[in-house]
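Notes follow the structure.
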Amino acid sequence: MKLFKLSILSVMTSLLFSSVVAQAQENEDGIDVSGTVRVNYAYKDYDQASKDKGGDVTFDMAAIKFNGKLGEWGLASEYRFYDGWQALRFGYGFYDVNPEWQLQFGVTQKPFGNPGFISNSFWFGVPYYLGFEDDYDLGVKGVYKNGAWGTEIAFFKNAEYGASRADRYSTDLYSGVVNGTEYNNEETNQLNLRQMYEMTYEGGSANLGASVEYGQIYNNKTGNNGDRYAVAIHMDASYNSWNLQLQVMQYEYDAADAIDSNKIAVAAYNWQYEIAAKAQAYSVNLAKTVTTDWGSLKLYNDFGMVTPDVADDSFDTSYQNVTGCAIAAGPTYTMIDFIVGKNMYASTRDNGHVGLPEIGDSWDKRVNINFGYYF
């Protein structure tokens, strides 16, 4: 912890120095340096210690970000420092070939599903826990935009970190032992394509799209390759102050030489867990934004469901519902979430997985409040 505090102090010092330099050179290089500090409150209704204490307040993370251009070349990067671990969220260079085309090189967001997020809350939507929301990998991506049409095509050689690391922001395949099962899987040679069309109308617009992903799964113990795929259709529509997100997707991880082909291991946020190797995932999110004199208030409800589609009939559906609000005021952004989960990783007491056989038969509840200061 002492080393972690020293790291945060050094980062903050570097951030202040970089900000001064960036401000002095603003007209020359156009590179913006910014940062974030966040704290978190968590109350778990299903945890007796949490109930006895009235929840816990902890340091969430600090981040340093770089974004800007030098002529046609640009840079975008975010590095995060958590309590006891740290990870790159993304970091890539880009080149504007022309007004329609941009090329990105490095750890960049894979184009799959609703652009950005398929969620409004701090808690993410169910696709995040499967590796299909705000996921970043190492490769090259082309971004095309012309009028209402948008196309993204990418090739990723591998994930941003080695498969044996759980201390990562994005959800990727994990290589190691989870709940007594040994996994030796690595993501490699991945292709992504996302096609979007923006339909505009009086009072708002709707972004309609479809996504496809295909890649290999390398077994680092046997040297054999399996494969994986995912497909999705999605919509992000707004009308006046309302927003509706819809997404339906199917994925399958077909790992070579698997001990149990019905499940596979993934890792994110410094932990590893198991998910159904094949499933459908559904997301329905509704939000309304209210503008105020001091900022804005966004009220939302995010619902997600994962239905396993494996040979083992004992695998059960996972559910997650998040009702909350996001408060933007000046440089602060606060998300207050009430999470209800059933057979869902991170939302339930006994079920640290997604789509596997359920332990018990309960809907678990928790409250999460995340406060962020952005500068």
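First residue of the sequence shown: 1, per UniProt numbering; consecutive thereafter. No residue lacks a Cβ here, since even glycine has one placed at the ideal position from N, Cα and C. Here the structure is a predicted model, which is why all the values come from computation and not from measurement.
Does DSSP put residue i in a helix, a strand or coil?
i: lysine 69; result: strand
i: valine 231; result: strand
i: aspartate 52; result: helix
i: proline 308; result: strand
i: leucine 130; result: helix
i: glutamate 358; result: coil
i: leucine 9; result: Because leucine 9 sits at a pLDDT of 38, beneath the cut-off of 50, its placement in the model cannot be relied upon, and the following sentence gives the value as read from the coordinates. Helix.
i: threonine 171; result: coil
i: tyrosine 161; result: coil
i: glycine 352; result: coil
i: valine 97; result: coil
i: alanine 346; result: coil
i: asparagine 114; result: coil
i: aspartate 60; result: strand
i: lysine 278; result: strand
i: tyrosine 46; result: coil
Report the rounded CA-to-CA distance for residue i versus residue j, giving the unit in angstroms.
i: glycine 93; j: phenylalanine 105; result: 5 Å
i: leucine 70; j: tyrosine 95; result: 10 Å
i: glycine 372; j: valine 57; result: 13 Å
i: glycine 223; j: lysine 278; result: 23 Å
i: tyrosine 79; j: alanine 326; result: 23 Å
i: asparagine 179; j: alanine 62; result: 31 Å
i: alanine 87; j: tyrosine 161; result: 9 Å
i: threonine 137; j: methionine 335; result: As written in the sequence, residue 137 is aspartate, which differs from the threonine given in the question. Their Cα atoms are separated by approximately 27 Å.
i: glycine 68; j: serine 296; result: 27 Å
i: valine 367; j: aspartate 361; result: 20 Å
i: arginine 38; j: aspartate 60; result: 5 Å
i: aspartate 257; j: asparagine 351; result: 26 Å
i: glutamine 320; j: tyrosine 169; result: 20 Å
i: tyrosine 229; j: serine 121; result: 27 Å
i: valine 231; j: aspartate 52; result: 44 Å
i: glutamate 274; j: aspartate 172; result: 11 Å
i: alanine 267; j: alanine 166; result: 5 Å
i: isoleucine 217; j: serine 164; result: 14 Å
i: glutamate 182; j: alanine 255; result: 12 Å
i: phenylalanine 81; j: threonine 36; result: 10 Å
i: tyrosine 201; j: asparagine 192; result: 30 Å
i: glutamate 152; j: glutamate 100; result: 12 Å
Starting from the Cα of residue i, find the closest Cα among the options and give me that residue.
i: tyrosine 197; options: Gly203, Gln190, Ala210 and Asn185; result: Ala210
i: asparagine 219; options: Ser362, Tyr174 and Gln190; result: Tyr174
i: asparagine 285; options: Leu297, Asp302 and Lys65; result: Asp302
i: glycine 330; options: Phe375, Val231 and Tyr201; result: Phe375
i: valine 97; options: Gly142, Asp47 and Ser314; result: Gly142
i: valine 33; options: Ser77, Gly55, Phe59 and Gln250; result: Ser77
i: leucine 130; options: Trp73, Ala265 and Leu191; result: Ala265
i: threonine 323; options: Gly341, Ser241, Asp313 and Tyr345; result: Gly341
i: glutamine 48; options: Leu356, His353, Arg349 and Gly355; result: Arg349
i: tryptophan 363; options: Val354, Asp313 and Ile339; result: Ile339
i: phenylalanine 156; options: Gln190, Ser241, Gly176 and Val212; result: Gln190
i: glycine 226; options: Phe124, Asn184 and Ala346; result: Asn184
i: glutamate 358; options: Asn370, Trp101, Ile369 and Met344; result: Met344
i: phenylalanine 90; options: Val126, Asp134 and Gly84; result: Asp134
For residue i and residue j, which I take to be in contact (beta-carbon distance under 8 Å), what is that distance rounded to the nearest angstrom?
i: lysine 195; j: glycine 113; result: The residue you asked about is not lysine; residue 195 is glutamine in the sequence shown. At roughly 12 Å, the Cβ-Cβ gap does not stay under 8 Å, so glutamine 195 and glycine 113 are not in contact.
i: threonine 307; j: glutamine 280; result: 5 Å
- Runs of beta strand (DSSP E) lying entirely within the segment 313-344, each at least 3 residues, in chain order: Qualifying beta strand (DSSP E) stretches, in chain order: 318-329 and 332-342.
- Message: Threshold first: 3 residues or longer. Then list the beta strand (DSSP E) segments lying entirely within the segment 169-219, N to C.
- Response: Those beta strand (DSSP E) runs which fall completely within the segment 169-219 and span 3+ residues are 175-178, 181-201 and 204-219.
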